[in-house]
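What follows is one structure encoded as structure tokens, with my remarks underneath.
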Amino acid sequence: MLARWIEAAGIPTVIVTMMPAVAEERRAPRIVGVEFPFGHAFGMPGDKAMQRSVLELALRVLAGSAAFGTRVDIDIEWPVPLREAYKAWQPKEASPIVRKLLASPQSGEAGPQGRVGR
Numbered sequence: 012m013l014a015r016w017i018e019a020a021g022i023p024t025v026i027v028t029m030m031p032a033v034a035e036e037r038r039a040p041r042i043v044g045v046e047f048p049f050g051h052a053f054g055m056p057g058d059k060a061m062q063r064s065v066l067e068l069a070l071r072v073l074a075g076s077a078a079f080g081t082r083v084d085i086d087i088e089w090p091v092p093l094r095e096a097y098k099a100w101q102p103k104e105a106s107p108i109v110r111k112l113l114a115s116p117q118s119g120e121a122g123p124q125g126r127v128g129r
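For the sequence shown, position 117 (counting from the first letter as 1) is numbered 128 according to the working numbering, and the numbering increases by one without interruption.
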């Protein structure tokens, strides 16, 4: 994880993520968990107040946290039901890389670059 490498150089970091449990598993230095749709870690497009709240919390965690592994989950709800937000976020057509991944073997056989599909 890039954050640990930066921390090893003496520069403190904070991760703002929609997957705080995964960040904890990966031992991220400091974590701000947000329950927002992917691609919107700092909030809704154009909602400067929401984005500022996330940024200010991240800076407070960074400035006030000496403890490696600190996690703070933000108390802001996404204003649209997440199921609707995820559906609206999905493009109508899969990107080339997603199409390629979806076409790879799913049966446990080796796929592209020798990876095993799930």
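Positions of the beta carbon are idealized from the N, C-alpha and C atoms, including for glycine. Bear in mind that the values here come from a model prediction, so they are computed numbers and not experimental data.
For the beta strand (DSSP E) containing residue 41, list its first residue and its last residue.
Looking at the DSSP string, the run of the beta strand (DSSP E) that includes residue 41 is 41 to 44.
If the criterion is Cβ atoms closer than 9 angstroms, does the pair residue 28 and residue 17 meet it?
For residue 28 and residue 17, no; Cβs fall outside 9 angstroms.
On the CB-based measure, 16 or more other CB atoms within 10 Å of its CB, does residue 43 come out buried or exposed?
When all chains shown are included, residue 43 counts as buried.
Exposed or buried, residue 114, counting other C-beta atoms within 10 Å across all chains shown (16 or more means buried)?
The residue is exposed, with fewer than 16 neighbouring Cβ atoms inside 10 Å.
By the 10 Å Cβ neighbour count, where 16 or more other Cβ atoms means buried, how is residue 72 classified, buried or exposed?
With 16 or more other CB atoms across the displayed protein chains lying within 10 angstroms of its CB, residue 72 is buried.
Close-in-space but distant-in-sequence residues of the same chain around residue 56 (CB under 7 angstroms, 5 per side omitted):
Hits under 7 angstroms: none found.
Going straight from the alpha carbon of residue 99 to that of residue 61, what length do you get?
Looking at the two C-alpha atoms, the distance is approximately 20 angstroms.
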